[in-house]
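Let me begin by presenting the structure, written as structure tokens, before commenting on it.
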Amino acid sequence: MSIINYAEKEIQFKVVYYGPALCGKTTNLEYIYSQIVPDNKGDMVSLATAADRTLFFDFLPLNATVIKGFKTKFQLYTVPGQVIYNTTRQLVLRSVDGVVFVADSQWEKMEENVESFRNLEENLAKQKLSMESIPYIFQYNKRDLPNVTPLNLLEYTLNNRKVRVQSFEAVASTGQNVFATLNAISMLLLQKFTQENDPSQKRSRSTVLVSSAPAGKTAS
Ligand SMILES: Nc1nc2c(ncn2[C@@H]2O[C@H](COP(=O)(O)OP(=O)(O)O)[C@@H](O)[C@H]2O)c(=O)[nH]1
Ligand SMILES: [Mg+2]
2 MSIINYAEKE
12 IQFKVVYYGP
22 ALCGKTTNLE
32 YIYSQIVPDN
42 KGDMVSLATA
52 ADRTLFFDFL
62 PLNATVIKGF
72 KTKFQLYTVP
82 GQVIYNTTRQ
92 LVLRSVDGVV
102 FVADSQWEKM
112 EENVESFRNL
122 EENLAKQKLS
132 MESIPYIFQY
142 NKRDLPNVTP
152 LNLLEYTLNN
162 RKVRVQSFEA
172 VASTGQNVFA
182 TLNAISMLLL
192 QKFTQENDPS
202 QKRSRSTVLV
212 SSAPAGKTAS
């Protein structure tokens, strides 16, 4: 759940980038970090192995828009995708507000995507959370590669719950649609927060998180 600090007039949201190993989660955070002016970000913390694989998580704090006099802060985390690190993933998911599921578009990674999404559902269930209660979106990454799964098959396979959510085709290594993804999850969180805290206001008036974002390309 979002943390509200009334003394500091701050609301904190925790966003977790989830997905199989090597799908591009760290690359998303690194790109965001590289594009945001120093005043609006804290230090990016990466706990990686020597081989540059995420061991625990990457963490990037961002300061963003103001709603009703409250500053909003977004804390972005990644999880280690390797199957054996499930306990770590459960820890990182604690008190999560929103999820970006990063899928690896490469054809041969489809099974790993499905397995990772299932693992996300299981780990949320352990916290008595579900995909129905947590805002989430998909990012189909690595669209620059030649061997990608067609978009409609990704949608059919992953984005097939009762309510279809937003999805973005991305190339995290060049930044394509990285901010579109981040803005989309941020908007969902701000809207949910506003609705829950002020039922008379149906939509959040907050706009995009970072104005340098390229126009979002929604896949669905
Ligand atoms: N071709 C291509 N490579 C990517 C893309 N995004 C990430 N990568 C590469 O995929 C590898 C794994 O990325 P990383 O962010 O460490 O994956 P993580 O395990 O999910 O954190 C790295 O070599 C990245 O440079 C992309 O959109 N296209
Ligand atoms: Mg990583």
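Numbered according to my numbering, the sequence shown spans residues 2 to 221. Don't be surprised by glycine CBs; every beta carbon is placed ideally from N, CA and C. This one's a predicted model, so the numbers in the text were calculated from it and none came from an experiment.
Taking 9 Å as the cut-off, the Cβ atoms of Ile186 and Val97 do not count as close. The DSSP-derived three-state label of Ile37 is coil. Each residue's CA atom was taken as its position, placing Ala65 and Asn120 some 31 Å apart. For Thr79, no alpha helix (DSSP H) segment is defined; the enclosing uninterrupted segment is the beta strand (DSSP E) at 71–79.
In the DSSP annotation of this structure, the continuous segment of the alpha helix (DSSP H) that includes Gln192 starts and ends at 179–198.
Inclusion of Asp199 and Lys69 in the CB contact set at 9 Å is warranted, their separation being smaller than that value. Among the bridge pairs identified by DSSP, Asn142 is matched with Asp105. Here Phe60 is not near Val80, since their CB atoms are 9 Å or more apart. For the pair Glu197 and Glu123, the Cα-to-Cα distance works out to about 26 Å. Assignment of Lys15 by DSSP, reduced to helix, strand and coil, places it in the strand class.
For Val46, the Cβ stays outside the 8 Å cut-off from all heavy atoms of ligand 1.
Inclusion of Leu155 and Tyr141 in the CB contact set at 9 Å is warranted, their separation being smaller than that value. Using a 10 angstroms sphere on the CB of Thr55, the tally of other CB atoms reaches 16 or more, which defines it as buried. Distance from the CA atom of Gln76 to the CA atom of Tyr7, rounded to whole angstroms, is 18 Å.
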